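K.L.:
Residue numbers (the numbering used here), protein chains in the order written: chain A, 1 to 157; chain B, 1001 to 1157.
Glycine included, every Cβ here is placed at the ideal spot set by N, Cα and C.
None of these values were measured; they are calculated from a predicted model.
Have a look at this one.
There are 2 protein chains.
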Amino acid sequence: MSQLSSKKKSLPADLPVREFGKSLPMSLLRAREAVMKKFISHLKKHDLSPQQWRVIRFLQQEDGLEMSELAERCFLMMPSMSRISKNLEARGLITRKTVASDQRRSELFLSDSGRILYSKIAPKSAERYEHITQQFGEEKIELLYQLLDELVVALKE
Amino acid sequence: MSQLSSKKKSLPADLPVREFGKSLPMSLLRAREAVMKKFISHLKKHDLSPQQWRVIRFLQQEDGLEMSELAERCFLMMPSMSRISKNLEARGLITRKTVASDQRRSELFLSDSGRILYSKIAPKSAERYEHITQQFGEEKIELLYQLLDELVVALKE
DNA sequence: TTAAATTACTTAACATGTTAAGTTATCTGC
DNA sequence: GCAGATAACTTAACATGTTAAGTAATTTAA
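Next comes the structure, spelled out in structure tokens:
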């Protein structure tokens, strides 16, 4: 297209921000979207967003979690969690029970139809994941996970 | 809080999706947010979103880019690009010129005040980046970039 | 030459992220 | 007890992402 991208390491010392077009947030975003693309179309067939699927997965793993706990694990903010649980409850995929000892809290449970939906989606999801692992390499994926975790830890300090 | 998280590698063989709470999209998102947090507050002082800043950075690097080209480089979709350029133009940070030979296209240019804004923000941005690099380690960052790029390439096939 | 297809961009509509304000319930210190 | 602080969630408002439809300019091909 045009004749740029020919120099990679011969940066003159006066470039102000750094090699352009290369920023951690952009690279992370791009990678995330590339991965998500592999899952989203399948989820969409069942009218689930990635976020809703996350919630269902965590509930399948451990029933009866409270909203705040779930939000933290799913890496969602409370307003999103609120919206999602309202939606999933309306669709009969989860049920909600107020905690007797603290009526501000509510626990969420996967309903039977939620479980059925999970069991429909999970296998294909696992298969896609397997495919990604094979394409990219088991060790590299693990290394990537580790780097990402370390990055988060490093930046928290 | 509760007694979970004590097993990490002793997974029974029947776990369906994989170690829970560990998914590539979530890890990538979390890392991205951790990084962005370091920049956003500074950008906000100048009323810029990360996306707007991206556009300005690319224009600073190469003036007169067309919208589609910019959108591709900034990893933005055209509707977002359209909104952003309208906003930046209204604020006088960029100017837009219709291409004579093809009046559908328009080229974008950083205005003087856009350049001034850039030069105000860039140093601190570079400094933050430098800080991240030091906290996390130069080689690890480079390795991370490489893995992310490779992941994207692997998934495209 | 001109009707159909394509391209560059815009607009609209809706999902999601995010901040702040609101509600109701629980806790704290007096 | 009880007023004030805090906590768990909800709602509202607005920015952004995303898909689809719309518009206008250009290309194509009969």
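Taking the beta strand (DSSP E) that residue 1106 of chain B belongs to, which residues open and close that run?
P.N.:
Looking at the DSSP string, the run of the beta strand (DSSP E) that includes residue 1106 of chain B is 1106-1110.
K.L.:
DSSP state of residue 89 of chain A, grouped into three classes?
P.N.:
Looking at residue 89 of chain A - three-state DSSP - the assignment turns out to be helix.
K.L.:
Consider the Cβ of residue 1149 of chain B: report whether some Cβ of chain A lies at a distance smaller than 9 Å.
P.N.:
By this cut-off, residue 1149 of chain B is an interface position.
K.L.:
What separation, rounded to the nearest whole angstrom, lies between the Cα atoms of residue 82 of chain A and residue 91 of chain A?
P.N.:
Straight-line Cα distance between these residues: approximately 14 Å.
K.L.:
Measure from the alpha carbon of residue 41 of chain A to the alpha carbon of each residue in A:87, A:121 and A:133, then state which is nearest.
P.N.:
The option with the nearest alpha carbon to residue 41 of chain A is A:121.
K.L.:
Rounded to whole angstroms, what's the CA-CA distance from residue 111 of chain A to residue 1148 of chain B? Just pull it up for me.
P.N.:
Taking the straight line from one Cα to the other gives about 38 Å.
K.L.:
With a CB to CB cut of under 6 Å and the five nearest residues on each side skipped, what residues in its chain are close to residue 1043 of chain B?
P.N.:
Taken in chain order, the residues that qualify are 1053.
K.L.:
Could you tell me the alpha carbon to alpha carbon distance between residue 1089 of chain B and residue 1099 of chain B, rounded to whole angstroms?
P.N.:
Near 17 Å, if we compare the C-alpha coordinates of residue 1099 of chain B and residue 1089 of chain B.
K.L.:
Taking the continuous beta strand (DSSP E) assigned at residue 97 of chain A, which residues delimit it?
P.N.:
It spans 94-98 - the beta strand (DSSP E) in which residue 97 of chain A sits, taken as one unbroken run.
K.L.:
How long is the line joining the alpha carbons of residue 132 of chain A and residue 66 of chain A, rounded to whole angstroms?
P.N.:
Distance between the alpha carbons of residue 132 of chain A and residue 66 of chain A: 32 Å.
K.L.:
Can you tell me whether DSSP reads residue 1059 of chain B as helix, strand or coil?
P.N.:
If DSSP states are grouped into helix, strand and coil, residue 1059 of chain B belongs with the helices.
K.L.:
Apart from the five residues just before and just after residue 101 of chain A, which ones in its own chain have a Cβ nearer than 7 Å to its Cβ?
P.N.:
If we look at residue 101 of chain A and ignore the five residues flanking it on each side, it has no Cβ neighbours.
K.L.:
Consider the Cβ of residue 1141 of chain B: report whether some Cβ of chain A lies at a distance smaller than 9 Å.
P.N.:
Yes, because at least one Cβ of chain A sits closer than 9 Å to the Cβ of residue 1141 of chain B.
K.L.:
Just to confirm, is the Cβ distance from residue 1094 of chain B to residue 1109 of chain B under 9 Å?
P.N.:
Going by C-beta atoms, residue 1094 of chain B is nearer than 9 Å to residue 1109 of chain B.
K.L.:
Output the boundary residues of the alpha helix (DSSP H) element that contains residue 72 of chain A.
P.N.:
Segment 67-74, the alpha helix (DSSP H) holding residue 72 of chain A.
K.L.:
Could you check whether the Cβ of residue 27 of chain A sits closer than 9 Å to any Cβ belonging to chain B?
P.N.:
Interface residue, yes.
K.L.:
Find the nearest neighbour of residue 1038 of chain B within the set A:25, A:86, A:38 and A:30, judged by alpha-carbon distance.
P.N.:
Answer by Cα proximity: A:25.
K.L.:
What does the alpha-carbon distance come out to for the pair residue 1130 of chain B and residue 86 of chain A?
P.N.:
Looking at the two C-alpha atoms, the distance is approximately 43 Å.
K.L.:
So residue 42 of chain A is in the alpha helix (DSSP H); what residue range does that whole segment cover?
P.N.:
Note, residue 42 of chain A: alpha helix (DSSP H), 24-45.
K.L.:
Tell me the rounded alpha-carbon separation between residue 49 of chain A and residue 59 of chain A.
P.N.:
C-alpha separation (whole angstroms): 15 Å.
K.L.:
Could you check if residue 1014 of chain B is buried or exposed, using at least 16 other CB atoms within 10 Å of its CB as the buried criterion?
P.N.:
The predicted position of residue 1014 of chain B is uncertain, since its pLDDT is 41 and thus under 50; a value taken from the coordinates is nonetheless stated next. That one is exposed.
K.L.:
Apart from the five residues on each side of it in sequence, which residues of its chain come closer than 8 Å, Cβ to Cβ, to residue 953 of chain B?
P.N.:
Residue 953 of chain B lies beyond the range of chain B shown here (1001 to 1157); nothing can be said about it.
K.L.:
Does any residue of chain A have a CB that is nearer than 9 Å to the CB of residue 1156 of chain B?
P.N.:
Cβ-Cβ to chain A under 9 Å: yes for residue 1156 of chain B.
K.L.:
Compare the beta carbon distance of residue 1084 of chain B and residue 1051 of chain B with 9 Å and say whether it is the shorter of the two.
P.N.:
Yes, Cβ-Cβ distance for residue 1084 of chain B and residue 1051 of chain B is below 9 Å.
K.L.:
Please identify, using Cβ separations under 8 Å, the residues of the region 114-133 of chain A that lie next to chain B, in order along the chain.
P.N.:
The residues in question are 122, 123, 125, 126, 129 and 132.
K.L.:
Considering only C-alpha positions, which residue in the set A:151, A:157, A:29 and A:115 is nearest to residue 63 of chain A?
P.N.:
Measuring from the Cα of residue 63 of chain A, the nearest candidate turns out to be A:115.
K.L.:
Going by the beta-carbon positions, is the gap between residue 30 of chain A and residue 1152 of chain B smaller than 9 Å?
P.N.:
Going by C-beta atoms, residue 30 of chain A is nearer than 9 Å to residue 1152 of chain B.
K.L.:
Got a sec: is the Cβ-Cβ distance from residue 1078 of chain B to anything in chain A below 9 Å?
P.N.:
So, not an interface residue.
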